[in-house]
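Please read the structure below before turning to the comments.
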Amino acid sequence: MSLCYTRLFFRRSISLQNYRFVYSSTPLTWGATSPVFSRSKDSDCCENYDEKNCCETYEENECCESQEEKNCYESYDEKNMKLCRPMSPHLTIYKPQMTSVMSIATRATGIILASYTWILGIGTLFIPGGIPCLIHTICCWDLAPAVLVGSKALFCYPLTYHYFNGIRILIWNFFGGKTLELKDVYTTGWIVLALSITSALILAAM
Numbered sequence: 005m006s007l008c009y010t011r012l013f014f015r016r017s018i019s020l021q022n023y024r025f026v027y028s029s030t031p032l033t034w035g036a037t038s039p040v041f042s043r044s045k046d047s048d049c050c051e052n053y054d055e056k057n058c059c060e061t062y063e064e065n066e067c068c069e070s071q072e073e074k075n076c077y078e079s080y081d082e083k084n085m086k087l088c089r090p091m092s093p094h095l096t097i098y099k100p101q102m103t104s105v106m107s108i109a110t111r112a113t114g115i116i117l118a119s120y121t122w123i124l125g126i127g128t129l130f131i132p133g134g135i136p137c138l139i140h141t142i143c144c145w146d147l148a149p150a151v152l153v154g155s156k157a158l159f160c161y162p163l164t165y166h167y168f169n170g171i172r173i174l175i176w177n178f179f180g181g182k183t184l185e186l187k188d189v190y191t192t193g194w195i196v197l198a199l200s201i202t203s204a205l206i207l208a209a210m
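Note that my numbering numbers the sequence shown so that position 72 is 76, with each residue one more than the last.
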């Protein structure tokens, strides 16, 4: 009960003039008639000091401990999800840039190349004639030249992109101070994209 009254007492906007009796020479008696403890029209607690009535009357002032405990046990993530706030860092708040996209693509192409090794390596155990038999089967499908070249280019592009962008990163490691300016990063990025696409098409046409 004392905690409830203390909290309600300090939540009020009390003028400093009410504390004049503390430092003035005029003797004032402490009690219910003093300015600080005088009851206003909108008093915060009940006259009979009944905790139940106090809670029912002042729900918005958090006099009830149940509401306070509910807010206390609510975690930070639960509060953000209730307010529909995005978790930080959230990818949707970032604008796609060449630097970030190419960095993600480098890791993605590395994973794709690793999957090539596993799929083609394990696949030879189940294909009767091995990889040559698979190539001969695809040739027997009589696909259109555009479809065949496009499929081969998509198959080769992870290799060419990962290769040329790896060279770009090696150049950064050896000549970082001269090639890490934002303008140079974008220039080398466009060069890598052009070389990887061109070389993928050349390999697909062979």
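Where a beta carbon is used, it is the ideal one built from N, C-alpha and C, also for glycine.
Measuring straight from C-alpha to C-alpha, what distance separates residue i and residue j?
i    : j    : result
P90  : G114 : 30 Å
I175 : I142 : 39 Å
L147 : S155 : 10 Å
Y77  : F179 : 54 Å
I126 : Y120 : 10 Å
A112 : W122 : 16 Å
E185 : L87  : 41 Å
P132 : W145 : 18 Å
E82  : N177 : 44 Å
S79  : T202 : 53 Å
Roughly how far, in whole angstroms, is the beta-carbon of residue i from the beta-carbon of residue j, given that I think they are within contact range, below 8 Å?
i    : j    : result
P4   : L117 : The displayed coordinates of the chain run from 5 to 210. Any statement about residue 4 would go beyond what the structure contains.
A209 : V153 : 6 Å
I135 : L124 : 7 Å
Let me know the secondary structure DSSP gives residue i once reduced to three states.
i    : result
F179 : coil
S79  : coil
P174 : A small fix is needed here, since residue 174 is Leu in this sequence, not Pro. Correct three-state label for L174: helix.
P100 : coil
G133 : coil
R89  : coil
L197 : helix
L163 : helix
L124 : helix
M106 : helix
D188 : helix
C144 : coil
Does the separation of the CB atoms of residue i and residue j fall below 9 Å?
i    : j    : result
A198 : Y165 : no
L207 : A157 : yes
V151 : F168 : no
Y98  : S104 : yes
Y190 : M85  : no
Can you give me the Cβ contacts of residue i inside the same chain, cut-off strictly under 7 Å, excluding the 5 residues immediately before and after it?
i    : result
T192 : R172 and T183
C137 : I131
Given residue i, which residues of its chain have a CB within under 8 Å of its CB, disregarding the five upstream and five downstream residues?
i    : result
S200 : Y161, T164, Y165, Y167, F168 and N169
T128 : G134 and I135
D188 : K182
Here's a check: name, in chain order, each residue in its chain whose Cβ is nearer than 6 Å to the Cβ of residue i, leaving out the five neighbours to either side.
i    : result
W194 : none
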